[in-house]
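What follows is a short report on a single structure.
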Ligand SMILES: [Zn+2]
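Below is the structure:
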């Protein structure tokens, strides 16, 4: 009984993350106006706010202007629903919250190649809970180094957000798991990369992190 409830909560959070990231990318308020179609601005009916089911009921189209709702919305709602079903201990709750934060960052990054800086701070804080003092010192120092170094790097080949997640992941899972995670993320990114085109890498890092977490 608990699993379906967790899935519903997770799917609701996924739906919220997609909406918040879309508002961040457009530079509009997170809270106003109420949920609406991005094309015709018609407010959504209450039943159209039900994650997964509403997408299937309207067959991925706005009921007023028939504009397509990106399938990524459905994919995220299902993925975050599945992620929530893995919550069983305080540690798994922390991991799912951490993945949720980075999922939000990845959604923002995919749309506007940046994301709110507080995500990195909060994600690092979640990772450092219950860690020994040495992890706090090393993690804090490396995080400060990224913040100091990145603006001084004239042509960065990787975003500071990618480095933040790399640090966060290593502190959480260790070097060996980080190597596996990076390998999958790079493989996914290479399959979609086009010559000379700037690529938002964070979505691939997050897909890889979610895949490694769900895999067992
Ligand atoms: Zn519409």
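In the numbering used here, the protein residues as written are 164 to 379. Glycine included, each C-beta is placed from N, C-alpha and C at the ideal position. Here the structure is a predicted model, which is why all the values come from computation and not from measurement.
(Q) I need the residues with a C-beta less than 5 Å from some heavy atom of ligand 1; please give them in chain order. (A) Qualifying residues, in the order they occur: 200, 202, 203, 225, 227, 228 and 230.
**Q.** Endpoints, the alpha helix (DSSP H) within which residue 354 is located
**A.** Walking along the chain shown from the start, residue 354 turns up at place 191. DSSP places residue 354 inside the alpha helix (DSSP H), whose first and last residues are 338-355.
(Q) Taking 9 Å as the threshold (C-beta atoms), are residue 281 and residue 369 in contact? (A) Taking the chain shown and counting its residues from 1, the one referred to as residue 369 is at position 206. Taking the chain shown and counting its residues from 1, the one referred to as residue 281 is at position 118. No.
Q. By DSSP, does residue 295 sit in helix, in strand, or in coil?
A. As a working note, residue 295 is residue 132 in the chain shown. The answer is coil: DSSP assigns residue 295 none of H, G, I, E or B.
Q) Can you find at least 3 beta carbon pairs, one from the segment 360-369 and one from the segment 268-287, that sit closer than 8 Å? A) Between the segment 360-369 and the segment 268-287 there are three or more inter-stretch CB-CB distances shorter than 8 Å, so the stretches are counted as touching.
**Q.** 8 Å contact criterion, which residue 202 and residue 184 should meet: CB distance rounded
**A.** Translated into the one-based positions of the chain shown, residue 202 becomes position 39. Translated into the one-based positions of the chain shown, residue 184 becomes position 21. Wrong, their Cβ atoms sit about 17 Å apart, outside the cutoff.
Q: Quick one: residues in its chain with C-beta nearer than 8 Å to the C-beta of residue 176, no 5 flanking neighbours on either side, listed in chain order?
A: Within the chain shown, the letter at position 13 stands for residue 176. Taking residue 176 as the centre and dropping the five residues before and after it, the same chain places the C-beta of 243, 247 and 263 closer than 8 Å to its C-beta, in chain order.
Q: Please name the residue in 317, 324 and 227 whose C-alpha comes closest to that of residue 205.
A: For this step, residue 205 is matched to residue 42 along the chain shown. That would be 227, whose Cα lies nearest to the Cα of residue 205.
(Q) Considering only DSSP beta bridges, list what residue 231 is partnered with. (A) Counting from 1 along the chain shown, the entry for residue 231 is found at position 68. Looking at the DSSP assignment, residue 231 forms a beta bridge with 224.
Q. If you pair each beta-carbon of the segment 252-262 with each one of the segment 344-358, do three or more pairs fall below 8 Å?
A. The segment 252-262 makes no contact with the segment 344-358: fewer than 3 CB pairs, one atom from each, lie closer than 8 Å.
Q.
Can you look up residue 379 in the DSSP assignment and give me helix, strand or coil?
A. Mapped onto the chain shown, residue 379 falls at position 216. For residue 379, the three-state secondary structure derived from DSSP is coil.
Q: Please work out which residues of its chain come closer than 7 Å, Cβ to Cβ, to residue 332, disregarding the five sequence neighbours upstream and downstream, and give them in chain order.
A: Taking the chain shown and counting its residues from 1, one reaches residue 332 at position 169. When the five nearest sequence neighbours on each side are left out, the beta carbons in the same chain lying within less than 7 Å of the beta carbon of residue 332 are those of 341, 344 and 372, in order along the chain.
Q) residue 221 to residue 195, Cα distance in whole Å? A) Here residue 221 refers to the residue found at position 58 when the chain shown is read from its first residue. Here residue 195 refers to the residue found at position 32 when the chain shown is read from its first residue. Between residue 221 and residue 195, the C-alpha separation is close to 24 Å.
Q) Expressed to the nearest angstrom, what Euclidean distance is found between the alpha-carbon atoms of residue 233 and residue 268? A) Against the chain shown, residue 233 aligns to sequence position 70. Against the chain shown, residue 268 aligns to sequence position 105. Distance between the alpha carbons of residue 233 and residue 268: 18 Å.
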